[in-house]
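Letter by letter, the sequence shown follows residues 34 to 98 of this note's numbering.
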Amino acid sequence: MCQHQPACPSASAPDHDAARLVAYHPEQGWGLLCNGVVIFDDSGELLPDGRAVPAPRAAEPVGVA
34 MCQHQPACPS ASAPDHDAAR LVAYHPEQGW GLLCNGVVIF DDSGELLPDG
84 RAVPAPRAAE PVGVA
């Protein structure tokens with residue numbers, strides 16, 4: 034459980050990625066937030082219940098005529 038004051042948002046909260054970083058491994062491309070969410074450098078996430086949140090995809094390039 035989070036000991037920060039004010040407390041970090043829970044993993045189920047819409048703003049769960051605002052929790053504090055407690056471990057970071059840039060050489061491996063991931064970090065662990067206080068609420069148990071694993072964040073990846075590509076913006077993907079792994080929630081404590083095992084669900085994966087994919088990284089947002091870039092918009093499709095628009096062709097120029």
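Just so you know, even glycine gets a beta-carbon here, dropped at the ideal spot from N, CA and C.
- In this structure, C67 places its C-beta atom within 8 Å of the C-beta atom of A52.
- In this chain, the beta strand (DSSP E) harbouring H58 covers L54 to H58.
- In the structure shown, the three-state DSSP call for A44 is coil.
- Of the candidates D50, D82, P39 and A56, D50 places its Cα closest to the Cα of A88.
- Nearest to D74 by alpha-carbon distance, out of P59, V55 and P81, is P59.
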